[in-house]
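Student: Okay, handing you the structure first.
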Amino acid sequence: MNLTKLADEIINGKRLKRTDDLSFFIDCDLNELSSAADKIRKHFVGDKVDLCSIINARSGKCPEDCKYCAQSAHNHTNCEVYGFLPSDKIIDACKTNEKAGVDRFALVTSGRALEGEEFDKAIDTYEKLSKECPEIELCASMGFLSEEQFHRLHLAGVSSYHHNIETSRRNFKNICTTHSFEQKLETLKKVKAEGLYVCSGGIIGMGEDWEDRLDMALTLSEVGVDSIPINALMPIEGTPLENKEVLTEDEILRTISIFRFINPEAEIRLAAGRALLSNDGEYAFSAGASATITGNMLTTAACATTKTDKEMLKRIGRITK
Numbered sequence: 002m003n004l005t006k007l008a009d010e011i012i013n014g015k016r017l018k019r020t021d022d023l024s025f026f027i028d029c030d031l032n033e034l035s036s037a038a039d040k041i042r043k044h045f046v047g048d049k050v051d052l053c054s055i056i057n058a059r060s061g062k063c064p065e066d067c068k069y070c071a072q073s074a075h076n077h078t079n080c081e082v083y084g085f086l087p088s089d090k091i092i093d094a095c096k097t098n099e100k101a102g103v104d105r106f107a108l109v110t111s112g113r114a115l116e117g118e119e120f121d122k123a124i125d126t127y128e129k130l131s132k133e134c135p136e137i138e139l140c141a142s143m144g145f146l147s148e149e150q151f152h153r154l155h156l157a158g159v160s161s162y163h164h165n166i167e168t169s170r171r172n173f174k175n176i177c178t179t180h181s182f183e184q185k186l187e188t189l190k191k192v193k194a195e196g197l198y199v200c201s202g203g204i205i206g207m208g209e210d211w212e213d214r215l216d217m218a219l220t221l222s223e224v225g226v227d228s229i230p231i232n233a234l235m236p237i238e239g240t241p242l243e244n245k246e247v248l249t250e251d252e253i254l255r256t257i258s259i260f261r262f263i264n265p266e267a268e269i270r271l272a273a274g275r276a277l278l279s280n281d282g283e284y285a286f287s288a289g290a291s292a293t294i295t296g297n298m299l300t301t302a303a304c305a306t307t308k309t310d311k312e313m314l315k316r317i318g319r320i321t322k
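Count along the sequence shown starting at 1, add 1, and that's the number in my numbering.
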């Protein structure tokens with residue numbers, strides 16, 4: 002396969018489908034693949050890197066049984082447990098990120114869905130954030146919400162919603178049994194119907210094979226998501242996946258490049274697992290990545306700060322706000 006030619010075809014309108022033989026992605030030359038993926042990135046997304054920061058606005062005691070998650074009540078970790086954070090704490094964090102030049106700020110909550118009084122608190126917080134932090138986009142990640150809840154978030158100033166599909170349709174049952182892959186897709190349809198920016202990706206390194214990764218990339222392309230966070234599993238003690246061997250850097254870079262080929266116009270966003278990459282993920286930005294989560298990274302330790310991310314990106318010729 003001539004990867005440069007394929008990149009040019011994608012730039013000129015070709016889109017990869019399930020009916021295509023994509024097996025060449027698995028063993029083609031990584032350097033050639035990365036270079037061609039970066040060509041696609043530069044054409045569709047440009048040199049601006051989208052920076053997103055998150056705050057864990059409610060932690061622990063999640064009833065879902067996701068095998069990778071420190072916050073699941075089914076797992077036995079040392080995860081911190083607390084209810085929805087006070088608005089002033091969230092607003093302070095948002096202001097710090099806005100001042101640092103971060104593009105978007107997300108409130109992430111544990112649990113199947115944020116409901117009732119805590120959801121009302123979230124709406125009040127977003128309304129305050131919209132007024133006090135006008136230079137930063139607001140994002141939410143609050144599980145399986147209803148159409149009405151998505152509309153309320155939108156009215157409160159939320160412009161994007163994050164909801165990972167996690168893995169392939171085939172592999173999903175091996176990762177979670179308390180909700181289904183179809184429920185994930187239905188939620189993404191609601192997000193799109195509300196007119197919100199759709200952020201959805203998954204985790205690699207959970208025992209899936211390359212066909213599963215290709216399937217996940219194709220599913221996200223079919224949904225038409227705007228941003229794809231790619232997490233590399235960082236095994237957490239006390240979870241069923243605690244003894245999984247971590248991925249190599251080459252495996253992560255190949256995945257990023259493949260996702261760029263299949264989703265040429267989306268933001269391909271580095272997320273958890275950046276500690277597995279050299280120089281805080283520098284080489285990923287030459288393999289198709291165009292965005293990253295920066296600063297606090299939920300329940301896994303961050304390997305870089307917003308300041309060091311911006312310094313690294315400037316050094317390699319990329320642009321931040």
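Backbone N, C-alpha and C define an ideal beta-carbon position, used for all residues, glycine too.
(1) Out of ALA272, GLY206, PRO87, which one is the CA nearest neighbour of SER228?
(2) On the CB-based measure, 16 or more other CB atoms within 10 Å of its CB, does ASP39 come out buried or exposed?
(3) Where LEU234 and GLU209 are concerned, what is the direct C-alpha to C-alpha distance, given to the nearest angstrom?
(4) From the DSSP output, in three-state form, read off VAL109 for me.
(5) Candidates LYS308, LEU277, GLY206, PHE262: which alpha carbon is nearest SER291's?
(6) Where does ASN57 fall in DSSP's three states?
(7) With a Cβ-Cβ cutoff of 9 Å, do GLY202 and LEU221 count as a contact?
(8) Hey, how far is the Cα of LYS49 from the Cα of THR240?
(9) For ASP251, which residues of its own chain have a beta-carbon under 8 Å away from its beta-carbon, when the five flanking residues on both sides are left out?
(10) From THR306 to TYR284, what does the alpha carbon distance come to, in whole angstroms?
(11) Does the beta-carbon distance from MET143 to PHE120 come in below 9 Å?
(12) Along the chain, which unbroken stretches of the beta strand (DSSP E) at least 3 residues long are found entirely within the region 249-304?
(13) Would PHE182 be called buried (16 or more neighbouring beta carbons within 10 Å of its own) or exposed?
(14) What are the boundary residues of the beta strand (DSSP E) that includes TYR1?
(15) For LEU1 versus ILE166, is the C-beta spacing smaller than 9 Å?
(16) By the three-class DSSP mapping on this structure, what secondary structure does HIS77 have?
(17) Which of the three DSSP states, helix, strand or coil, is assigned to CYS200?
(18) If I follow the unbroken alpha helix (DSSP H) through LEU4, where does it start and stop?
(19) Could you give the residue range of the beta strand (DSSP E) that holds LEU139?
(20) Using only the alpha-carbon positions, how far apart do LYS132 and GLY158 sit?
(21) With a threshold of 7 Å on Cβ separation, who are the neighbours of CYS95 within its own chain once the five nearest residues in sequence on each side are excluded?
(22) Under 6 Å Cβ to Cβ from VAL172, same chain only, skipping five residues before and after it: list those, please.
(23) With a threshold of 7 Å on Cβ separation, who are the neighbours of ASN254 within its own chain once the five nearest residues in sequence on each side are excluded?
(24) Would you tell me roughly how many angstroms separate the C-alpha atoms of PRO230 and ASP9, rounded to the nearest one?
(25) Where in the region 22-72 do unbroken runs of the alpha helix (DSSP H), each at least 4 residues long, occur, reported from the N-terminal end onward?
Tutor: Per the coordinate set shown:
(1) ALA272
(2) buried
(3) 11 Å
(4) strand
(5) PHE262
(6) strand
(7) yes
(8) 37 Å
(9) LEU31
(10) 17 Å
(11) yes
(12) 268-271, 292-294
(13) buried
(14) Examination of residue 1 is not possible in this model, given that the chain is present from 2 through 322 alone.
(15) Since the first residue of the chain shown is 2 and the last is 322, residue 1 is not available in this structure.
(16) coil
(17) strand
(18) 4-12
(19) 138-142
(20) 9 Å
(21) PHE106, LEU130, CYS134, ILE137
(22) At residue 172 the sequence reads Asn, which differs from the Val that was named. Same-chain partners within the cutoff: GLU209, ASP213.
(23) The amino acid at residue 254 is misidentified as Asn; the sequence shows Leu. Answer for LEU254: LEU31, SER35, TYR284, ALA285, ALA288, listed in chain order.
(24) 25 Å
(25) 25-28, 31-45
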